[in-house]
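Read top to bottom, the protein sequences are chains F and C.
In short: position in the first sequence from 1, add 90, done, that's this note's numbering.
In short: position in the second sequence from 1, add 1, done, that's this note's numbering.
Even glycine gets a Cβ: it sits at the ideal position worked out from N, Cα and C.
The block underneath contains the structure these notes are about, expressed in structure tokens.
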Amino acid sequence: MGKTPTTGIRLSRPEIWLDEHGDALYRYARFRLNDAALAEDLVQETLLAALQAQGSFAGRSTERTWLIGILKNKLIDHLRKTCREITVDTGSDEDLDALFDNASRDHWRSPPSVWDNPPAALEQKQFWAVLSDCLSALPARQAQVFTLCEMEGLDGSEACKVLGVTTTNVWVLLHRARLRLRECLENHWFNHGKGA
Amino acid sequence: MRIYTCKEATRLVLESHDRGLSWRERLGVRLHLLFCNACTRFAQHMRFLRTAVRRFAGQHGDASQETLAPPAKERIRHALRKHQDKR
Numbered sequence: 091m092g093k094t095p096t097t098g099i100r101l102s103r104p105e106i107w108l109d110e111h112g113d114a115l116y117r118y119a120r121f122r123l124n125d126a127a128l129a130e131d132l133v134q135e136t137l138l139a140a141l142q143a144q145g146s147f148a149g150r151s152t153e154r155t156w157l158i159g160i161l162k163n164k165l166i167d168h169l170r171k172t173c174r175e176i177t178v179d180t181g182s183d184e185d186l187d188a189l190f191d192n193a194s195r196d197h198w199r200s201p202p203s204v205w206d207n208p209p210a211a212l213e214q215k216q217f218w219a220v221l222s223d224c225l226s227a228l229p230a231r232q233a234q235v236f237t238l239c240e241m242e243g244l245d246g247s248e249a250c251k252v253l254g255v256t257t258t259n260v261w262v263l264l265h266r267a268r269l270r271l272r273e274c275l276e277n278h279w280f281n282h283g284k285g286a
Numbered sequence: 002m003r004i005y006t007c008k009e010a011t012r013l014v015l016e017s018h019d020r021g022l023s024w025r026e027r028l029g030v031r032l033h034l035l036f037c038n039a040c041t042r043f044a045q046h047m048r049f050l051r052t053a054v055r056r057f058a059g060q061h062g063d064a065s066q067e068t069l070a071p072p073a074k075e076r077i078r079h080a081l082r083k084h085q086d087k088r
């Protein structure tokens, strides 16, 4: 009596959260941050926060989803803090400029190649490992923006608020990240083993 | 209407993922892609990249098989226990 009535799902005992969900939480964070130690810290913070928030669990989602939701907030908080000081050289998209030859009316220096059956790649485990490596190879700043916008689904202006940068900056960083990822997938998956 | 260069078309393809293009820009990009295989491939690659990354994010990284290192797990277990004892 007196307790908020809950629907459906109930939480398991906190003692088993770590064993049940620890690895999944870790992968979620690890995968978005490229930093194992930091991912471990966020798992700990998440479980501590979950202990304190047990009472507010409404039973409308699974325990896993609830914990991931807490982790997601921790992650965005973290990005907000570390990105506070960031100033990006805005202006030109040098990475884009470098792809084209000014002398010949801005033609591609080396045009994107034909990718063989991309949908089939999505079904292969090895492809996800390559994509994961490509994401890990992104410079920190690009990776942070890319994570917020493409993985957490924030739109450009929301990402700006989190990161404290202008929309142009976010776009420039996103463009750089996309160009790099395209090239990385081309070299390490689609053209891999084809020779030069 | 002026015909875009490859560089201009590529920039707009990139921006089309971040903002809505004006009808003029959309038309210009379409016209360019009609005659340019390289930029058409680039546009396809960008669409594929978005699909792949969204699917990847949806898996929560579960494909990676990575797990918490045992020492880290112990550290976290310890922190949780300490916290619970306090209550």
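Quick one: what's got a C-beta closer than 6 Å to L244 (chain F)'s C-beta in the same chain, skipping five residues either side?
-> Here residue 244 (chain F) corresponds to residue number 154 of the first sequence, with the count starting at 1. So the qualifying residues of the chain are L238.
Out of F:S194, F:G149, F:R150 and F:F147, state which residue places its alpha-carbon closest to the alpha-carbon of C7 (chain C).
-> Position 6 of the second sequence holds residue 7 (chain C). Ranking F:S194, F:G149, F:R150 and F:F147 by Cα distance to C7 (chain C) puts F:S194 first.
Residue from F:W205, F:A139 and F:L189 with nearest C-alpha to R270 (chain F) | Within the first sequence, numbered from 1, the residue matching residue 270 (chain F) stands at position 180. Of the candidates F:W205, F:A139 and F:L189, the one whose C-alpha sits nearest the C-alpha of R270 (chain F) is F:L189.
8 Å Cβ cut-off: residues of chain C touching W156 (chain F) = Here residue 156 (chain F) refers to the residue found at position 66 of the first sequence. Contact note: W156 (chain F) does not reach chain C at a C-beta cutoff of 8 Å; the least C-beta distance is about 14 Å.
Whole-angstrom distance between H111 (chain F) and D81 (chain C), CA atom to CA atom | Counting from one through the second sequence, the residue named residue 81 (chain C) turns up at place 80. Counting from one through the first sequence, the residue named residue 111 (chain F) turns up at place 21. First, the amino acid is wrong: residue 81 (chain C) is Leu here, not Asp. Taking the straight line from one Cα to the other gives about 14 Å.
By a C-beta neighbour count over all protein chains shown, 10 Å radius and 16 as the cutoff for buried, is A227 (chain F) buried or exposed?
-> As a working note, residue 227 (chain F) is residue 137 in the first sequence. Result: exposed.
DSSP three-state assignment for D185 (chain F), whether helix, strand or coil = The residue you call residue 185 (chain F) lines up with position 95 of the first sequence. Residue state, collapsed to three classes: helix.
Three-state secondary structure (DSSP) of H265 (chain F) | As a first step, residue 265 (chain F) must be located in the first sequence, where it is residue number 175. Of the three classes helix, strand and coil, the one that applies to H265 (chain F) here is helix, per DSSP.
Nearest-angstrom Cα distance between L165 (chain F) and V260 (chain F)?
-> Here residue 165 (chain F) corresponds to residue number 75 of the first sequence, with the count starting at 1. Here residue 260 (chain F) corresponds to residue number 170 of the first sequence, with the count starting at 1. The straight-line gap from Cα to Cα measures roughly 18 Å.
Per DSSP, the bridge partner or partners of H197 (chain F) = Along the first sequence, read from residue 1 onward, the residue named residue 197 (chain F) stands at position 107. In the DSSP output, where bridge partners are listed per residue, H197 (chain F) has F:D191.
Could you tell me which chain F residues have their CB closer than 8 Å to the CB of F49 (chain C), listed as they occur along the chain?
-> The count along the second sequence starts at 1 and reaches residue 49 (chain C) at position 48. Those are W205 and P208, listed as they occur along chain F.
With a cut-off of 8 Å, do at least 3 Cβ pairs link the segment 148–165 of chain F to the segment 113–120 of chain F?
-> yes
Would a check of beta-carbon distances place W279 (chain F) closer than 8 Å to chain C?
-> The residue labelled residue 279 (chain F) in the question sits at position 189 within the first sequence. Closer than 8 Å: no.
Option nearest E16 (chain C) by Cα separation, candidates F:L161, F:N281, F:L263 and F:R199 | Taking the second sequence and counting its residues from 1, one reaches residue 16 (chain C) at position 15. Answer by Cα proximity: F:L263.
Within the 8 Å Cβ cut-off, does G159 (chain F) reach chain C?
-> The residue you call residue 159 (chain F) lines up with position 69 of the first sequence. So no, G159 (chain F) is outside the interface.
Have a look at L186 (chain F) and E213 (chain F) and give me their C-alpha separation to the nearest angstrom.
-> In the first sequence, residue 186 (chain F) corresponds to position 96, counting from 1. In the first sequence, residue 213 (chain F) corresponds to position 123, counting from 1. Those two C-alpha atoms are separated by around 31 Å.
Ignore the nearest five residues each way along the sequence and tell me which others in R76 (chain C)'s own chain have a CB closer than 7 Å to its CB.
-> Residue mapping note: residue 76 (chain C) aligns to position 75 of the second sequence, counting from 1. Result list for R76 (chain C): empty, nothing under 7 Å.
Could you check the C-alpha separation between R122 (chain F) and L22 (chain C) for me, to the nearest Å?
-> Start at 1 with the first residue of the first sequence, and residue 122 (chain F) comes out as number 32. Start at 1 with the first residue of the second sequence, and residue 22 (chain C) comes out as number 21. Roughly 29 Å separates the two Cα atoms.
Residue burial classification, R268 (chain F) (beta-carbon count within 10 angstroms, cutoff 16) | One-based indexing of the first sequence puts residue 268 (chain F) at position 178. By the neighbour-count criterion, in which a residue is buried when 16 or more other Cβ atoms sit within 10 angstroms of its Cβ, R268 (chain F) is buried.
Where the alpha helix (DSSP H) containing E26 (chain C) begins and where it ends | Your numbering for residue 26 (chain C) matches position 25 in the second sequence. Unbroken alpha helix (DSSP H) run through E26 (chain C): W24 to F36.
Starting from the beta carbon of G283 (chain F), find every residue of chain C whose beta carbon is closer than 8 Å, and list them in chain order.
-> Walking along the first sequence from the start, residue 283 (chain F) turns up at place 193. Those do not exist, as G283 (chain F) stays about 19 Å from chain C at its closest Cβ, beyond 8 Å.
In terms of residues, what are the limits of the alpha helix (DSSP H) holding D125 (chain F)?
-> If you number the first sequence from 1, residue 125 (chain F) lands on position 35. No alpha helix (DSSP H) holds D125 (chain F); DSSP gives it neither H nor E.
Per-residue DSSP class, three states only, for D86 (chain C) | As a working mapping, residue 86 (chain C) is identified with position 85 in the second sequence. D86 (chain C) falls in the helix class under three-state DSSP.
Locate the alpha helix (DSSP H) running through W218 (chain F), then write down its first and last residues.
-> Walking along the first sequence from the start, residue 218 (chain F) turns up at place 128. W218 (chain F) -> alpha helix (DSSP H) spans K215 to S226.
For my contact list, R78 (chain C) and L108 (chain F) are in at a C-beta cut-off of 8 Å; report their separation, rounded to the angstrom.
-> As a position in the second sequence, residue 78 (chain C) is number 77, starting the count at 1. As a position in the first sequence, residue 108 (chain F) is number 18, starting the count at 1. With 8 Å as the limit, R78 (chain C) and L108 (chain F) qualify as a contact, their Cβ atoms being about 6 Å apart.
Please work out which residues of its chain come closer than 8 Å, Cβ to Cβ, to D196 (chain F), disregarding the five sequence neighbours upstream and downstream, and give them in chain order.
-> For this step, residue 196 (chain F) is matched to residue 106 along the first sequence. Cβ within range, chain order: F190.
Work out the CA separation of G159 (chain F) and R48 (chain C) for me, nearest whole Å.
-> As a position in the second sequence, residue 48 (chain C) is number 47, starting the count at 1. As a position in the first sequence, residue 159 (chain F) is number 69, starting the count at 1. Distance between the alpha carbons of R48 (chain C) and G159 (chain F) is about 27 Å.
Note down, in chain order, all residues in the segment 228–248 of chain F with a beta-carbon under 9 Å from any beta-carbon belonging to chain C.
-> F236, T237, C239, E240, M241, E242, G243, D245 and G246
Over what stretch of residues does the alpha helix (DSSP H) that includes F280 (chain F) continue unbroken?
-> Residue 280 (chain F) sits at position 190 when you count from the first residue of the first sequence. Careful: F280 (chain F) lies outside any alpha helix (DSSP H) and carries neither H nor E.
Between A140 (chain F) and L157 (chain F), is the Cβ-Cβ spacing less than 8 Å?
-> Taking the first sequence and counting its residues from 1, the one referred to as residue 140 (chain F) is at position 50. Taking the first sequence and counting its residues from 1, the one referred to as residue 157 (chain F) is at position 67. Yes, the pair counts as a contact, with Cβ atoms nearer than the cut-off.
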